[in-house]
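In our numbering, the protein residues as written are 57 to 787.
Ideal placement from N, C-alpha and C gives every residue a C-beta, glycine not left out.
Single-structure report; data block below.
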Ligand code: DGJ
């Protein structure tokens, strides 16, 4: 997988169908050579470009023939001659300098992939991947950067991370420490910048803008990856579509503030970067100390966005999501939030669960309001003991009744938060993120607990573990409903305050590591006001994520479509909810709500005791369908046939890896009168196979379905949907 020309040295990383190459220049800089379709090392070696240019300073021995300003670099440092956006900036308190010059010193090969200290990261066996570690060093300060590149044999994926160490004798302060930076050649200036951006209830819209000279970026300064921007950016070839065009994607395995950016320089060379947001960031490195950047996942597709997504999905299912859950059918849940909000008690929950148990639903998830004295969203976060007025007999009694119905029990927590009206706050008024002398902003009437502090995490862990050890809870919904402000920690000295937000995220990961180790049988669904923290860092610990607080089937088309660009459908929690929808007031057919939710981790979010007998029958059918398709939904390849961002209709298709079956979901938004007959061409099938449409005697060849298509019924109303299941005939 990794080829090295030791004379230069030069490095050629060959992942499935992809080559990524770089070399050491005559001046000891690490220069990027190539990233794209697979090539032999000999075909890449001539690509190195070193040339001077006006107003670009040169090393003293090079006159005007060499400048870092035009050199494609693997990890650029601020201060000498590269005027583009650097990957790293190091403040030297001793003399006030911010300059480091990173020169190659050594490299080594590591079988498989080392685990990252304190951070979630992709994992692999030694036979499936190989890691190259290249060390760069600044001779003056002793600042050292170890760049790690892991190459995966079966995936067009390379992961990158940097370990930054102070090998000198004076303290240093990192001001910027990105995970990855890639310089492309000027031919790429005609590419576009792809981002997934939105807002609460409108997450991850697919936005593509032409590259232009200067910076284009997305970032979060909110202490969470955020609803606003996802830690994913890509360069796409002009006109790239689902099936065509080159795509270069970068995803950061991190749940806090991040920066994803493309900068096009005066020569038209794009630099694509991703990492922890340098805004309001600092990290003190005393002699001997290291800083580990989060891992960046680099993916290449020569066949459009569809292939890129399928590569990411396969990769994350195999190398990021907990193997215990990755391929395990998820329980069908009924969550009481949109059914009752804060208005429930044991009897009400049991009434809903009883109806649910009769139609095959497997789990009751008790949402917000079961603890402290929480009658609304204004109190009790931090007091994780059951409210005995609501739940007489506590969780034990509820657990007994629910498991007695043959159902499992799940419970909502918001572990990272504290309400000013809570016993925890009264005991520890300084346990939240705060700056002394400032009152602090409330968000949803709550503060953010300072998860950088071990004693804070310990107390929350104690409370949660007490419940999990004594009740039959097998599912936790882990929510997080406000962003960070007044970012400061009472536990850190002034010079380390810039570290608070990152230390918080490290604390969160430590908590989740401990929690998943003690309670491996508990499936965690994470959530942040819906999809405000839908990132690979959370996915590492929580195999599914509540995709959005907007459960309207039509709004979900864009949200789920955009999210699927990077993340597998099986990780998108999707529920059927009541109409008119509580977020947008829209009334859609029950069937359509079912079809849209049936593509993700499936469940309900409505009061089943108020459903009509016809609706209950439909629930029974939907639950049975989910159980039939759960393996396909977990393991299948996604083909996006129609985009809600481009048209009035959406179509998705999951195809079994051996192409033995496929599930097609089609949704029309607005109907029209007098429309022509139309077909929907499918993809990903075996043209030579014959497929029967389940529930009928109709059989089609794969060729017919792909080149001719499935007939779309003439629409007779808005929001109509269809789901077709094709099964390959034996022999
Ligand atoms: C926000 C979540 O996204 C909802 O599903 C629900 O759990 C509420 N929080 C509860 O406060």
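Annotation: the segment 363-432 contains the following complete segments of the alpha helix (DSSP H) (minimum length 4 residues), in chain order: 379-382, 393-396 and 402-414.
Within 7 Å of the C-beta of residue 780 there is not a single heavy atom belonging to the ligand DGJ.
It is roughly 15 Å from the alpha-carbon of residue 126 to the alpha-carbon of residue 90. Annotation for residue 57: no alpha helix (DSSP H) segment contains it, and DSSP assigns it neither H nor E.
The way I'd put it, the segment 529-549 does touch the segment 583-594; three or more beta-carbon pairs between them come closer than 8 Å. Of the candidates 415, 205 and 621, the residue whose Cα lies closest to the Cα of residue 262 is 621. Per DSSP, reduced to three states, the secondary structure at residue 600 is strand. One thing to note: residue 271 has its Cβ no nearer than 8 Å to the Cβ of residue 209. In this structure, the CA atom of residue 547 is about 58 Å from the CA atom of residue 741.
Every beta strand (DSSP E) stretch that sits fully inside the segment 687-751 and reaches 3 residues is listed by chain position as 693-698, 705-711, 717-724, 734-736 and 746-749. Relative to the ligand DGJ, residue 125 has its C-beta separated by 7 Å or more from all heavy atoms. Residue 733 is positioned such that its CB atom lies closer than 8 Å to that of residue 767. Beta-bridge partners of residue 526 (DSSP): none assigned. Distance from the CA of residue 291 to the CA of residue 324, rounded to the nearest whole angstrom, comes to 14 Å. Assignment of residue 623 by DSSP, reduced to helix, strand and coil, places it in the coil class.
Bridge pairing for residue 768: 734 [DSSP]. Contact between the segment 226-236 and the segment 146-161 is present, with at least three C-beta pairs closer than 8 Å. Remark: three or more beta-carbon pairs, one from each stretch, lie closer than 8 Å, so the segment 308-315 and the segment 274-286 are flagged as touching. Of the other Cβ atoms in all chains shown, 16 or more fall within 10 Å of the Cβ of residue 709; this residue is therefore buried.
Using a C-beta cut-off of 8 Å, the segment 393-406 makes no contact with the segment 367-379, since fewer than three inter-stretch Cβ pairs fall below that distance. For the pair residue 646 and residue 682, the CB atoms are not nearer than the 8 Å cut-off.
For the 8 Å CB-CB criterion, residue 198 and residue 180 do not form a contact. Here the segment 498-509 does not lie against the segment 522-533, with fewer than 3 beta-carbon pairs under 8 Å apart. Considering only 479, 769 and 494, the residue with the shortest C-alpha distance to residue 516 is 479. Taking the Cβ atoms as the reference, residue 231 lies roughly 4 Å from residue 145, within the contact range of under 8 Å. Set against 7 Å, the gap from the CB of residue 423 to the closest heavy atom of the ligand DGJ is smaller. Straight across, the Cα-Cα distance linking residue 564 with residue 557 is about 11 Å. Note: residue 330 is bridge-paired with 236 and 316 in the DSSP secondary-structure output. At a cut-off of 7 Å, the beta-carbon of residue 583 counts as near the ligand DGJ: some heavy atom of the ligand is closer than that. The residue among 628, 350, 640 and 675 with its C-alpha nearest the C-alpha of residue 217 is 350. Between the alpha carbons of residue 727 and residue 778 lies a distance of about 14 Å.
The C-alpha of residue 570 is placed about 11 Å away from the C-alpha of residue 513. A distance criterion of 7 Å places the beta-carbon of residue 392 beyond contact range of the ligand DGJ, judged by its closest non-hydrogen atom. The beta carbon of residue 597 is closer than 6 Å to those of 568 and 572 in its chain, skipping five residues each way along the sequence.
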